[in-house]
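Under my numbering, the residue at position 23 of the sequence shown is numbered 920, and the numbers go up by one with no gaps.
Idealized CB from N, CA, C, for every residue including glycine.
To keep things clear, I will list the structure first and then write my remarks on it.
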Amino acid sequence: MQNTRLLAEEAHNGLIRFFMTNDVFHFMYEAYLEVRETSQTRCPRLLAEEAHKGSLASS
């Protein structure tokens, strides 16, 4: 019984790690798309911060 619970906890922790990594990927990809689609006169770091704020507002 103890082994089953341990396996379930490990699987849960693995899912959390996966989704955290996935969120970071989506944030970086959205920032990349914004940089690519806007004029190059704006600072990419500023665009990335705006994308991050937008993703926080939508969640």
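Exercise. Quick one: Cα of R942 to Cα of A905, how far?
Worked result: 40 Å
Exercise. Using 8 Å as the threshold, is the stretch 943-954 in touch with the stretch 913-928, meaning 3 or more CB pairs across them?
Worked result: yes
Exercise. Among the residues of its own chain, which have a CB less than 6 Å from the CB of A886, if the five just before and after it don't count?
Worked result: For the chain, the structure presents residues 898 to 956; residue 886 sits outside this window and is missing.
Exercise. I think A908 touches E931, with their Cβ atoms under 8 Å apart; what is that distance to the nearest whole Å?
Worked result: Wrong, their Cβ atoms sit about 35 Å apart, outside the cutoff.
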